[in-house]
Every structure is written in structure tokens, then in C-alpha cells.
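Chains as they are written, first to last, in this note's numbering: chain X, 5 to 372; chain U, 127 to 494.
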């Protein structure tokens, strides 16, 4: 929902419940903030050649114009800056009124993920990670950072995970939802192995730059099609991770699907289970039914939530997925922000509310 | 040229004076069942139930274009035994090895042997084909050397296969196809080249393959003739990638052999690369030499199918730039566009150059 004129006083009611926000997007104020963390070679490179994504479209960045400038809430522009760049303003507008205890940072472009040049991708991811650790978590302890990785270069991605592993600033490994090949493919397996070894969940956030069209039927015309299409990309990734045996290899792996919705998960699992029953000879490495891996290894964040009529259908959907598998997310400061006071469109008992808004995040991330 | 009625004796007597090396022989099992003794039951069952599909955008999943000849073979290459061309060792000896005095021939497993959709199956099939070629071709006939055919889209599996054969006297080169999912210089393939360099085995990249991408950068072509021509373009793309991404800089001793992609394009590509490198070299500071210097240090080419300029002097000019010591003879036996060592060269070499071209260069590359 687009929230543009909410008065700041309204969230007073929320002070009673602490929340964890598993998808927030602080923004690099200016590229020069990475200078401390980026070797001269790559600063020169960016100055001369720029940064291109693996993208079929000519501008190399976003194929569709966003609904709002910077895809941001209109009221999220701090005086004199861009949304998500001003820490004090974020505290006033976001942390304090919403009573956010934990805010998981998912850096977006230009984090280095999805770059056409894999070597620049590795350098930028590393710089982005240090920027998060120093300039965000270092100054605001309610933040938790993501380890951005150049996931199209497995070796470099593993090295970056290992470099950051064990540092308390980092709570997860971040991959974008559109990859060069489906994430279950063997080429990516060691990335997940490294995350498991580091004891970190892997978050798969919508968007990304695969180099291939954003739908299996080619490039659509409208932003709304791209937005809706994230759910299909997430389904393809879940199918691949399940079927190629990623969760069979790594039973303790935690994967979070972020900003792709969740209502598609039950029908996907039903279809996977049905097809698996008759085709299981093709994948003898799977020892459980697909839905069992889904229930064991996958969590989802809520924003943007499907909003069915009648609303009880959402309860049915969550009932199948499990109240312990959904993690609240706002997507702050983006225009389609979910307000915790209004995100759940129906009555939910206190125990499930607590899990939904913070308890599940404590479980998955070990937040204390 | 299509050679269908050459008499064996005429070719044989003339050739007996000069031993030759033939870097592109398409020999292999008569059918898939012949490799089953080397394939795990799991994959035999898989093939029986699900078949074998390739990474290709077109729906038949095999070769995309109807070939000019059945089995793409010379009409006279079908042995009396009733087996397919290139599968009957006695006939191979009497039709090709003996009359042309082939002292050293590398077996390039016929497509479709690589780039399966299913990477586990692809890796298993490559292993089985290698076992077959060693047991039934290279061991009984020491003039023949098997390839280490690798499933290059699965770098880990490919590296294991190279290590399995390192040091074997029955092996010629590591064998790749030229249409890959991504350009071969990208990091995902680097472990394959490292393993080959470490084992001291040349890497041969043969035309064809199934990358999943269209066969031209303008999309899918309509005719077989376009597909044949496009091999020269994919060769160029691969060579550019290997140079620019620094494979040859990292592995100065790597020997890279380009097979069945022609060579007439090499000088102009070297010129264009050098020209762009002079102005854009800050983008690739890891390159310490001009691109053409890597070509001249790390790359060899086989001759069939040879460009045939109207003026033979032009061919001499091309060879002069590339260097006669970088070209190796290849017949493509038993395919329909076979080059006869006696007649395929439209220019005449002196005796010393002739020895290099037909035998000496291969001896230098392969150490045999």
C-alpha cells in the first residue's frame, strides 16, 4: 500500500510490540561513500566505464520505470537527501515510531550483485558489505547487514562469505531472485555450503539481473507485470532448489524468499508433490517429498502480501505455510511499504502475532 | 569438400611417405548402449525413462539443423559391418589410418556428447564416453588418442574427470564444445582450464555444442549453412573471452586448440582486439600483453574446414600472420566435409613446412 501522509504520531500504538523488519533498504548516499572500501583500480574503472548489470535492456539497469521516484514513499525524502540515506531521519520516521528492534538491510543496486563484470561485482559487494558494517550497523545497532556476494562467480562469492563469517554485523547472505541459472544448479552449490558453514540463512530478494527476460514468455510491457513476475521467479527458484537436491545436501540450510509474496507457495508445493509422485525416478537423490523440503528449509517475508477477498483465504494460506515460517517485512522506504499496524488484514491471536512480527526472525537469525 | 568415391590405393601410396597427425577424428561407440558398461544403473534407467535432452532453445533437443548427409558422414564411410561411420575400428584403420599414414589421431567424441540439460547425466555420460574411447579405440590402436570429454557446464565434475585421466598415455586433449552457456573466459569455467594446465594437457574446443543460446547474436538462423558459418563467430567470441578475461594471463602454459572453426578470421580479430585494447586497456589492467600476443602464445588452430580464397596468395598471407607453427592438420573423418590430406591444401608448402603442418606442430603441442 502507498503510504504518503501518515502522521508520525499514529505509531504510538505500536510501541507495545517490538518488531523485526526483514527487508529494509537503506541507500548509499553517494558512490564516494564506498571509496574507503574499494581499491583504486575499481574506482577508476567505474569512473571510466561505469557499472552495467547483466541485463538485456539497453540502459542496463531497471527495465521498467518505477511507480514513484526512487521507488520510494513520497514522505520518505529526508530534507536535502534521497530516501534511505539519512540515519537520523530513518530513526524518526522508521525505527522509533514502528518500534523496530531489528532491521535487516538488503542493499540494492549498486550493491555489486548482478553486475555484468564479475570482477567488479566482487569488488563492489565487498565494499558494500564494509559500508553496511561501518556506516550503518556501526552507527545504528538495530541494523543487521547482509553479505552481498558476486553469486555468478561461485569462487569469489564463497570467499566473500568466508571473509565476513562470524562478524556480528552480518545476519544473512543475500542473493537477488533473478540469476544466470536456476539457483539449484550445481554451479551455485558451494555458495550455499559456505552459508551453512557460517551458520547464516540465505535471503533471496526479488529483482536482480539475470541476462534473460523477466518472464519465461519474454519481456513484458509494464512495470506491474514485472512486479507480479517476481512471484514466478521465486517459484522457479524454489522448484530448482528443491528438485536439484540443494536441501537434500544441506538439511540445515535456511532460505528466505523476500519480497515475492507467499500465497503461491501452497499450490506450488501441491503441484511439485504430485509430479514428484509419478516422476520420482528422475530424481532419486530426493528422499523427501518436495513439500517436506519446503516446510523444513524455506521461510518467507510478508511484503508485498497478497490481499484476497474474502480475507479468511489468507488465513488458510498461512495455515498451510505455517505461522512459524513468515517473517514480517516493511520494504522501507519503498513506495509499497507495509505498515505493521495495518499489514495483517485480520485478527490473529497474540502468540501468532508475536511470531509473525519478531519471534520467527529471532528463530531464523538468532536475534537476541 | 565432399569426398565420396576416392580410391583407397591412390591416396595410400602417396601418403605413405609422410606420417601425419589428424587432430579431428570423430570416432566413438556405435550406439549409446555400448557405453552402458561404464554408466551407473541410475543413469541407464534415467535415459530409458526420461531420455537425454540438450541445452538448446529448439524443440528437438538434438542437432538444430538437418545435416547435409546422413550421420553428417561421407557416403563411403559406412563400414560393411553395418555399424555407423566412425565406429568400426578395422574399417577406420583400412579406410583412414593406414592409407593416409595417420601416426597420431585425436578422437573427438561426436556430438551430442556434451551440454546435457541434466548436469548429473551430462557428467556421467562424458565419463562413460571417455572410458569407452580408451578401452575400445585408444588401447587397441595406439595411433589413436581419446579425449577427456568434459561436461563443462559442471566445472566441478569436469575437473574431477580431468584429474581422473591426467598422466594416461591414451589421452590427447581435454575436449570442449564452442557453444557454451556463458563465454568460456568467465570465472565459472576457470577451474577447468586450471586443471588442464596443471595436468599439462592441451584443451581443444570443437565447433558445435548446446549453450541454450541462439546460434547467432541476431537469433536463430534458418539454414544449416548459416549454422556452419556461425561456428566461426562463436569461435571468435570464445577466443575474445579467454583473452580478455585473463585465462591466458593466469595460465601462460595453457595450450588451447580451436577445432573446426576455420582460421581465416584470426588475423582480423587480432587486429581489432589490439586496436581496442590500445584505447581501452585501463578496463583490463590484468592483461600485460596485447591480445594478439596471447593468441600467438596460447592458441593453435586446426585447418578443416579451410577458408578457400580465390587467390591462394591470400591464404599464404593469413597463414603468415597466424604462423605456420600454429596450424595443425585435421580431416574431420568420417564427416561429409572431410579434408583429404593429399588434396585439401590449396597452396604448396616446402618439405620442412609440410612436415610441421602435417605432423611436427602436433608433436610439439601434444608432446607426441
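Backbone N, C-alpha and C fix where the C-beta goes; we use that ideal spot for every residue, glycine too.
Remember, it's a predicted structure, so these values are computed and weren't measured experimentally.
If the cut-off is 7 Å on Cβ atoms, which residues from the region 222 to 253 of chain U count as contacting chain X, listed in chain order?
245
8 Å contact criterion, which residue 285(U) and residue 317(U) should meet: CB distance rounded:
In the second chain, residue 285(U) corresponds to position 159, counting from 1. In the second chain, residue 317(U) corresponds to position 191, counting from 1. Sure, about 5 Å apart at Cβ, within 8 Å.
Chain-ordered neighbours of residue 176(U) on chain X, where CB pairs are closer than 7 Å:
Translated into the one-based positions of the second chain, residue 176(U) becomes position 50. Those are 286, listed as they occur along chain X.
Residue 377(U) by DSSP, collapsed to three states: which one?
The residue given as residue 377(U) occupies position 251 in the second chain. Of the three classes helix, strand and coil, the one that applies to residue 377(U) here is coil, per DSSP.
Please confirm whether residue 53(X) has its beta-carbon closer than 7 Å to some beta-carbon of chain B.
Judged by its chain identifiers, the structure shown contains no chain B, and its protein chains are X and U.
Which residues share a DSSP beta bridge with residue 300(U)?
To locate residue 300(U), count along the second chain from 1; it is residue 174. According to DSSP, residue 300(U) bridges with 274(U), 329(U).
Measuring straight from C-alpha to C-alpha, what distance separates residue 185(U) and residue 151(U)?
On the second chain, residue 185(U) is found 59 positions in, with the first residue counted as 1. On the second chain, residue 151(U) is found 25 positions in, with the first residue counted as 1. Because the pLDDT of residue 185(U) is 48, which lies under 50, any placement of that residue in the model is unreliable, and the number read from its coordinates should be weighed accordingly. In a straight line, the C-alpha of residue 185(U) is about 29 Å away from that of residue 151(U).
So that I know if they touch, is there some Cβ in chain U lying closer than 7 Å to that of residue 190(X)?
As a working mapping, residue 190(X) is identified with position 186 in the first chain. It does: the Cβ of residue 190(X) has a partner Cβ on chain U nearer than 7 Å.
List the residues of chain X that residue 172(U) touches, going by C-beta distances under 7 Å, in chain order.
Sequence index remark: in the second chain, residue 172(U) carries index 46 (1-based). Ordered by position in chain X, the residues that pass the 7 Å Cβ test against residue 172(U) are 286.
I need the DSSP call for residue 113(U), collapsed to helix, strand or coil.
Coverage of chain U is limited to positions 127 through 494, which leaves residue 113(U) absent and any answer about it impossible.
Quick check on residue 114(X) - is its C-beta less than 7 Å from some C-beta in chain U?
As a first step, residue 114(X) is located in the first chain; it is residue number 110 there, counting from the start. Residue 114(X) does not count as touching chain U.
Is the distance from the Cβ of residue 68(X) to the Cβ of residue 227(X) below 7 Å?
If you number the first chain from 1, residue 68(X) lands on position 64. If you number the first chain from 1, residue 227(X) lands on position 223. Closer than 7 Å, so yes.
Identify which residue in 88(X), 351(X), 305(X), 284(X) has its Cα closest to the Cα of residue 342(X).
Counting from one through the first chain, the residue named residue 342(X) turns up at place 338. Selected option, being the one with the closest Cα: 305(X).
So which residues on chain U does residue 100(X) lean against when the C-beta distance must stay under 7 Å?
In the first chain, residue 100(X) corresponds to position 96, counting from 1. Simply none; closest approach about 44 Å.
Identity of the residue in 97(X), 245(X), 178(X) nearest residue 300(X) by Cα
By one-based count along the first chain, residue 300(X) stands at place 296. Of the candidates 97(X), 245(X), 178(X), the one whose C-alpha sits nearest the C-alpha of residue 300(X) is 245(X).
Residue 71(X) versus residue 230(X): straight-line alpha-carbon distance, rounded:
Along the first chain, one-based indexing puts residue 71(X) at 67. Along the first chain, one-based indexing puts residue 230(X) at 226. In a straight line, the C-alpha of residue 71(X) is about 12 Å away from that of residue 230(X).
C-beta contact flag for residue 129(X) and residue 111(X) at 7 Å:
Taking the first residue of the first chain as 1, we reach residue 129(X) at position 125. Taking the first residue of the first chain as 1, we reach residue 111(X) at position 107. Taking 7 Å as the Cβ cut-off, residue 129(X) and residue 111(X) do not qualify as a contacting pair.
State the DSSP-derived secondary structure class of residue 32(X), mapped to helix, strand or coil.
Mapped onto the first chain, residue 32(X) falls at position 28. The answer is coil: DSSP assigns residue 32(X) none of H, G, I, E or B.
Alpha-carbon spacing of residue 47(X) relative to residue 158(X), whole angstroms:
For this step, residue 47(X) is matched to residue 43 along the first chain. For this step, residue 158(X) is matched to residue 154 along the first chain. Spanning the two alpha carbons is a distance of roughly 23 Å.
Among 125(X), 28(X), 44(X), the one whose alpha carbon lies nearest that of residue 340(X)
On the first chain, residue 340(X) is found 336 positions in, with the first residue counted as 1. The shortest C-alpha separation from residue 340(X) is found at 28(X).
Is the region 140 to 153 of chain X in contact with the region 175 to 184 of chain X, if contact means three or more CB pairs nearer than 8 Å?
yes
CB contact below 7 Å: residue 185(U) versus chain X
Residue numbering aside, residue 185(U) sits at position 59 when the second chain is read from its first letter. Residue confidence is low: residue 185(U) scores 48 on pLDDT, short of 50, so the model does not pin down where it sits. Its coordinate-derived value is still stated next. Answer no: the Cβ-Cβ gap between residue 185(U) and chain X never drops below 7 Å.
Can you tell me which of 43(X), 200(X), 100(X) puts its alpha carbon nearest to the alpha carbon of residue 165(X)?
Along the first chain, read from residue 1 onward, the residue named residue 165(X) stands at position 161. Nearest C-alpha to residue 165(X): 200(X).
Output needed for residue 464(U): all residues of its chain with C-beta closer than 7 Å, excluding positions within five of it in sequence on either side, in chain order.
Counting from 1 along the second chain, the entry for residue 464(U) is found at position 338. Taken in chain order, the residues that qualify are 129, 200, 457, 458.
Three-state secondary structure (DSSP) at residue 229(U)?
What you label residue 229(U) is simply residue 103 of the second chain in a count that begins at 1. DSSP places residue 229(U) in strand when its eight states are reduced to three.
Complete runs of the beta strand (DSSP E) confined to the region 396 to 435 of chain U [at least 3 residues]:
425 to 428
Is it a yes or a no for the region 223 to 236 of chain U touching the region 255 to 263 of chain U, going by three-plus beta-carbon pairs under 8 Å?
yes
Span of the beta strand (DSSP E) holding residue 176(X)?
For the purposes of this step, residue 176(X) is taken as residue 172 along the first chain, with counting starting at 1. Element bounds for residue 176(X): 174 to 182.
For residue 22(X), which residues of its own chain have a beta-carbon under 6 Å away from its beta-carbon, when the five flanking residues on both sides are left out?
Mapped onto the first chain, residue 22(X) falls at position 18. Same-chain partners within the cutoff: 103, 105, 362.
Report yes if the C-beta distance between residue 33(X) and residue 337(X) is below 7 Å; otherwise report no.
As a working note, residue 33(X) is residue 29 in the first chain. As a working note, residue 337(X) is residue 333 in the first chain. Contact flag unset, no.
Measure the Cβ-Cβ separation of residue 286(X) and residue 176(U) and say whether it is below 7 Å.
Position 282 of the first chain holds residue 286(X). Position 50 of the second chain holds residue 176(U). Yes, the pair counts as a contact, with Cβ atoms nearer than the cut-off.
Which of helix, strand or coil DSSP assigns to residue 440(U):
In the second chain, residue 440(U) corresponds to position 314, counting from 1. Here residue 440(U) sits in helix by DSSP.
Which of the residues in the region 285 to 316 of chain U, read from start to end, lie with their CB under 9 Å from any CB of chain X?
307, 308, 312, 313, 314, 316
Nearest-angstrom Cα separation, counted from residue 323(U) out to residue 289(U)
On the second chain, residue 289(U) is found 163 positions in, with the first residue counted as 1. On the second chain, residue 323(U) is found 197 positions in, with the first residue counted as 1. Each residue's alpha carbon lies about 11 Å from the other.
Please state whether the Cβ-Cβ distance between residue 307(U) and residue 337(U) is less than 7 Å.
As a position in the second chain, residue 307(U) is number 181, starting the count at 1. As a position in the second chain, residue 337(U) is number 211, starting the count at 1. Yes, Cβ-Cβ distance for residue 307(U) and residue 337(U) is below 7 Å.
Exposed unless 16 or more other CB atoms sit within 10 angstroms - verdict on residue 485(U)
Here the question's residue 485(U) lines up with position 359 in the second chain. It counts as buried.
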